[in-house]
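J.: Here the protein sequences come in this chain order: A and B.
So in this note's numbering, the last one in the first sequence is 466, and the numbering has no gaps at all.
So in this note's numbering, the last one in the second sequence is 223, and the numbering has no gaps at all.
Every residue, glycine too, gets a C-beta built ideally from N, C-alpha and C.
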Amino acid sequence: MPRIPRKPTAPRPRGAVGAVAAGLARRKAAREPRVVLTDRGGHPRTLAADDPAAAPLLEAAERLISAVQRGSAP
Amino acid sequence: MRLATTQMATVTSQAIRDSGTRWLFSPTAHEPCPDPRAVTAQPALTPPLALDYLRELSADIRAGVVLSADGALLAGPEELAGAAHDLMTAAGEAAAEVHVSTAEGAVYAARSEQHTVAVVCGRFALPSLIRYDLRLVLADLGGGERPEAA
């Protein structure tokens, strides 16, 4: 099977600048909403944040987190 | 002093006899339990104890609720019950576990045939550990077999 030539990508910063940029990117990714559903067989399915099925889950989760942050829950 | 020691031993042996576990300490302890139902009739964990147990297992868990299969609150703050029920309803019948993380925190929920457990954690909780703890507690609540470690 012939190898497909790699697409050229934008040059990434290296060294200290690259490490800082990668750290910022990781922090940004960690703060993005994430929804994972696991079925009874243990198979996980990640929903995209813009998936219509994810919206009610995110809304319910935010209500739970807000209730805890308000201090109404012990 | 000797009298006190003797008295303590007597009290202990009486307590063992009253609790119905004296066969455990008898010479015939290797034989099958005479009445297994006496040991297994009650679930090992109650819903309020399940929440306390979860908090002991993980310091990342801030709060949680235990619901019955029909969504009734069994343990935990009432403010969380409605949202936890909505979360599992939105997840659909096929989903046994739900993990939603946002910038403010993370929510984990799992359900069995009889119970649903939902907990709110900090952002840095380890998903695999929290999910395992939830499965463990659900198994204990239902009196079933504990899950194997992943």
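#1: Below 8 Å between beta carbons: does that hold for Leu-147/B and Leu-153/B?
#2: Which bits of chain B does Ala-452/A rub up against, with CB to CB less than 7 Å?
#3: Identify, in the order they occur along the chain, each residue of the same chain with its Cβ nearer than 7 Å to the Cβ of Ala-408/A, setting aside the five sequence neighbours on each side.
#4: Taking the straight line between their C-alpha atoms, what separation do you get for Val-427/A and Pro-150/B?
#5: For Ala-157/B versus Ala-182/B, is the C-beta spacing smaller than 8 Å?
#6: State the beta-bridge partners of Glu-170/B as determined by DSSP.
#7: Assuming Val-171/B contacts Leu-429/A (C-beta within less than 8 Å), just tell me the rounded distance between them.
#8: Of all the CB atoms in chain B, is at least one closer than 8 Å to the CB of Pro-444/A?
#9: Does the structure place the segment 117-133 of chain B close enough to the segment 209-219 of chain B that three or more beta carbon pairs sit under 8 Å?
#10: To be precise: take each residue of the segment 394-418 of chain A, compare its Cβ to all Cβ atoms of chain B, and keep it if any distance is under 8 Å. Which residues remain?
#11: So with CB distances below 9 Å, who are the chain B contacts of Ala-459/A?
T.: This is what the structure holds:
#1: No. Outside cutoff.
#2: What Ala-452/A touches in chain B, judged by beta-carbon distance under 7 Å, is Ala-156, Asp-159, Leu-160, Ala-163, going in chain order.
#3: Taking C-beta separations shorter than 7 Å and ignoring five residues to either side along the sequence, Ala-408/A has no partners in its chain.
#4: Cα-Cα distance, rounded: 24 Å.
#5: In contact: Ala-157/B and Ala-182/B (Cβ atoms closer than 8 Å).
#6: Paired residue(s): Thr-430/A, Ala-183/B.
#7: Confirmed, about 6 Å.
#8: By this cut-off, Pro-444/A is not an interface position.
#9: Touching, yes.
#10: Taking 8 Å as the cut-off between beta carbons, none of the residues of the segment 394-418 of chain A comes near chain B.
#11: Under the 9 Å cutoff, chain B gives Ala-136, Pro-150, Glu-152, Leu-153, Ala-156, Val-193.
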